[in-house]
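>
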Amino acid sequence: MAYTKRLDGRAFDEVREIEAKVGVIKKARGSGYFRMGKTEAYAAVYGPREIYPKFLADPKKGILRCNYNMLPFSSSGERVRPGPSRRSREISMVTQKAINPVLDLSDYPNSVLDVFIELTQTDAGSRCAGICAASLALADAGVMMKDLVVSVAVGCIDGQIVADLTYEEEAYNGKVADIPVAILPRTGKITLLQMDGEMSKEQLMQALELAKKLAPSFYEVQKKALKAKFEEKK
Amino acid sequence: MGLIAKDKTIVVPGEILAEGMDYLPGQGAFREKEKVISSRLGLVNVDGRAIKVIPLAGTYLPKRGDQIICKVQDISYTGWRVNTNTAYTAVLSMKEATTAYIERGADLSKYFAIGDYIMAEVTNVTEQNLIDISMRGPRLKKLIGGRIIEVSPVKVPRIIGRKGSMVSMIKNATGCEIIVGQNGLIWIKGEPDNERLAVDTVKYVEKNSHKQGLTEDVEKFLKEKTGK
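Residue numbers (the numbering used here), protein chains in the order written: chain A, 5 to 238; chain B, 3 to 230.
See the structure below:
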């Protein structure tokens, strides 16, 4: 059975409604909020501060430490068991690796920059929302970075390339592949690429092209959010 | 070709400021092939051929000669460990703290106890951004009474103003003693109501620091509040 119409009525290359804000957490050095449809992520930056355990320190530059956490009530299914899990550790790590290439932390040797990503509500694409929120928070904190990072999921449902899958679509009864991608919007370089499911090589290339096509619109939303913080007070 | 971002506008990381080799990247900007690109959130400042980005947010990076407000965190045999509002703590040695004669093994908390705030000067910054501090010099003292507020360190130059014009205006209007540390901590002491007004004014400056005509705005703000 071919996937001819999306479950929520979107066009195949259309993303869910996206919204971004900065400065949402007052006590943090910088903070960001990113929403894709029903998936909401908050990110807060603390530090640079001393790092413990000490052996993690890098005497040449500061390091980035991300912490991804789904709140117990955030899931679209059952309650999420609080505390770290195999899944959250993995996502924390890939988030860190997706953002690290743009950061310049050479001013803060031997220290750590902590980014806490909290998800209050999820409907698939949570690591993408988390990366978008984290990059906003880092920019809001005034960290030197070459570019913002945007992230979007693309996929393939029964041979049809789609953008920004929902939980319902990921659970679709058919051949589903889901690829979260993080992209540096200016250069189009990819810093995160994971895949779940199966698809052909051609489909994968098409999906990545679609992700690259979507990146600039995400960047515009992030840019607007960062600038709005200073303009609203006029 | 040429300048893309306008002077005095807000840019975000990764935004293209100029194209072509006519412009040079200054602080907060870098060159990538033909383009000059912003590397932080800030205000564009075009000065001749150089484009720099003045930060709107960020941390305090210590410089030699800066006067900063520190909080005493711990006491050791030979001195005090203080929080400097950077990523690292600093040690204030006995020798640098006071000229008084201190007996071996004396109780150092008589001079500065844990939780006290002090005004100190940065005497040296290492390559690793660790700092040495001293309290020998004019204006350097223990801060007794009053209250401490924290502002974004990149806004400190605006709070001080040109040759201290902004801070002395606030001092005159509120009658408070105000000491601004380069690291973003500010000490305010005066009558309770005036203290509150001074805090509000400093916060107002911090909030509107990226705008032009700030001095007049603050003057108006103070007039409104004091009713003078």
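Idealized CB from N, CA, C, for every residue including glycine.
1) Taking 8 Å as the CB-CB cut-off, is Asn71/A touching chain B?
2) Rounded to the nearest angstrom, what separates Glu235/A and Ala133/A at their Cα positions?
3) So, helix, strand or coil for Phe77/A, using DSSP?
4) Alpha carbon to alpha carbon, how far is Lys238/A from Asp219/B?
5) Whose Cβ in chain B lies nearer than 8 Å to the Cβ of Lys227/A?
6) Spell out whether any CB of chain B is found under 8 Å from the CB atom of Ala143/A.
7) Asn177/A: buried (16+ other C-beta within 10 angstroms of its C-beta) or exposed?
8) Can you tell me where the beta strand (DSSP E) with Tyr223/A in it begins and where it stops?
9) So which residues of chain A does Gln130/B contact, with C-beta pairs closer than 8 Å?
10) Kindly indicate which residue of Tyr7/A, Asp144/A and Arg39/A has the alpha-carbon position closest to the one of Val19/A.
11) Quick check on Glu123/B: buried or exposed, where buried means 16 or more other Cβ atoms within 10 Å of its Cβ?
12) Which partner residues does Pro64/B have in the DSSP bridge list?
13) For Ala24/A versus Gln207/A, is the C-beta spacing smaller than 8 Å?
14) Grouping DSSP H, G and I as helix and E and B as strand, with all else coil, what is Glu218/B?
15) What's the call for Ile12/B, buried or exposed, on a 16-neighbour Cβ count within 10 Å?
16) Which residue comes first and which comes last in the beta strand (DSSP E) that contains Pro233/B?
17) Indicate whether Pro64/B and Thr88/B have their beta-carbon atoms separated by less than 8 Å.
18) Find the nearest neighbour of Arg93/A within the set Arg83/A, Met74/A and Leu197/A, judged by alpha-carbon distance.
19) State yes or no: is the beta carbon of Phe234/A nearer than 8 Å to at least one beta carbon in chain B?
20) What did DSSP end up calling Tyr171/A once you bin it into helix, strand or coil?
21) DSSP has Pro57/B in a bridge; who is on the other side?
22) What do you get for Ile116/B, buried or exposed, if any count of 16 or more other CB atoms within 10 angstroms of its CB means buried?
23) If you reduce the DSSP assignment to three classes, tell me which class Asp144/A lands in.
24) Leaving out five residues on either side along the sequence, give the residues of the same chain with a beta carbon under 6 Å from the beta carbon of Asp76/B.
25) Would you please verify whether the beta carbon of Pro189/A is less than 8 Å from any beta carbon of chain B?
26) Identify the contact partners of Lys74/B in chain A, using a Cβ-Cβ distance below 7 Å as the criterion.
27) Out of Asn185/B, Leu45/B and Lys191/B, which has the shortest C-alpha to C-alpha gap to Lys173/B?
28) Quick one: which chain B residues come within Cβ less than 9 Å of Glu54/A?
29) Would Gly51/A count as contacting chain E if we go by Cβ distances under 8 Å?
30) Where Val201/B and Phe223/B are concerned, what is the direct C-alpha to C-alpha distance, given to the nearest angstrom?
31) For Ala20/B and Gly44/B, I'd like the C-alpha separation in whole angstroms.
Working from what's here:
1) The residue labelled residue 71/A in the question sits at position 67 within the first sequence. Output row for Asn71/A: interface = no.
2) On the first sequence, position 231 is the one that residue 235/A refers to. On the first sequence, position 129 is the one that residue 133/A refers to. Spanning the two alpha carbons is a distance of roughly 24 Å.
3) Mapped onto the first sequence, residue 77/A falls at position 73. Coil, per DSSP.
4) Counting from 1 along the first sequence, the entry for residue 238/A is found at position 234. Counting from 1 along the second sequence, the entry for residue 219/B is found at position 217. Because the pLDDT of Lys238/A is 44, which lies under 50, any placement of that residue in the model is unreliable, and the question is left without a value.
5) Here residue 227/A is taken as the residue at index 223 of the first sequence, counted from 1. Neighbours of Lys227/A on chain B, chain order: Val14 and Glu17.
6) Here residue 143/A refers to the residue found at position 139 when the first sequence is read from its first residue. For Ala143/A, the answer is yes, since a Cβ of chain B falls inside 8 Å of its Cβ.
7) Along the first sequence, one-based indexing puts residue 177/A at 173. Exposed: under 16 other Cβ atoms inside 10 Å.
8) Your numbering for residue 223/A matches position 219 in the first sequence. Premise fails: Tyr223/A lies in the alpha helix (DSSP H), Lys205 to Glu235, not in any beta strand (DSSP E).
9) For the purposes of this step, residue 130/B is taken as the residue at position 128 of the second sequence. Pro63, Pro113 and Asn114, listed in chain order.
10) Here residue 19/A refers to the residue found at position 15 when the first sequence is read from its first residue. Ranking Tyr7/A, Asp144/A and Arg39/A by Cα distance to Val19/A puts Arg39/A first.
11) Taking the first residue of the second sequence as 1, we reach residue 123/B at position 121. Burial call: buried.
12) Residue mapping note: residue 64/B aligns to position 62 of the second sequence, counting from 1. In DSSP, Pro64/B forms no bridge with anything.
13) Residue 24/A sits at position 20 when you count from the first residue of the first sequence. Residue 207/A sits at position 203 when you count from the first residue of the first sequence. Not a contact, by the Cβ cut-off of 8 Å.
14) Along the second sequence, read from residue 1 onward, the residue named residue 218/B stands at position 216. Here Glu218/B sits in helix by DSSP.
15) On the second sequence, position 10 is the one that residue 12/B refers to. Buried, since its Cβ has 16 or more Cβ neighbours within 10 Å.
16) The requested residue 233/B is not part of the displayed model; chain B covers only 3 to 230.
17) Start at 1 with the first residue of the second sequence, and residue 64/B comes out as number 62. Start at 1 with the first residue of the second sequence, and residue 88/B comes out as number 86. Result yes, Cβ atoms of Pro64/B and Thr88/B sit closer than 8 Å.
18) What you label residue 93/A is simply residue 89 of the first sequence in a count that begins at 1. Answer by Cα proximity: Met74/A.
19) Mapped onto the first sequence, residue 234/A falls at position 230. Judged by the 8 Å Cβ criterion, Phe234/A is in contact with chain B.
20) Numbered from its first residue, the first sequence carries residue 171/A at position 167. Of the three classes helix, strand and coil, the one that applies to Tyr171/A here is helix, per DSSP.
21) Residue numbering aside, residue 57/B sits at position 55 when the second sequence is read from its first letter. In the DSSP output, where bridge partners are listed per residue, Pro57/B has Gly44/B.
22) Position 114 of the second sequence holds residue 116/B. Under this definition Ile116/B is an exposed residue.
23) Along the first sequence, read from residue 1 onward, the residue named residue 144/A stands at position 140. Here Asp144/A sits in helix by DSSP.
24) As a first step, residue 76/B must be located in the second sequence, where it is residue number 74. Around Asp76/B: Arg83.
25) Within the first sequence, residue 189/A is the residue found at index 185, counting from 1. Yes, contact with chain B.
26) Residue 74/B sits at position 72 when you count from the first residue of the second sequence. It should be noted that the sequence gives Val, not Lys, for residue 74/B. None at all; the shortest Cβ gap to chain A is about 17 Å.
27) Translated into the one-based positions of the second sequence, residue 173/B becomes position 171. The residue with the shortest Cα to Cα distance from Lys173/B is Lys191/B.
28) On the first sequence, position 50 is the one that residue 54/A refers to. Near Glu54/A (Cβ distances below 9 Å), the residues of chain B are Ala89, Tyr90 and Thr91.
29) Among the protein chains of the structure shown, namely A and B, there is no chain E.
30) As a working note, residue 201/B is residue 199 in the second sequence. As a working note, residue 223/B is residue 221 in the second sequence. Spanning the two alpha carbons is a distance of roughly 13 Å.
31) The sequence position of residue 20/B within the second sequence is 18, counting from 1. The sequence position of residue 44/B within the second sequence is 42, counting from 1. Distance between the alpha carbons of Ala20/B and Gly44/B is about 15 Å.
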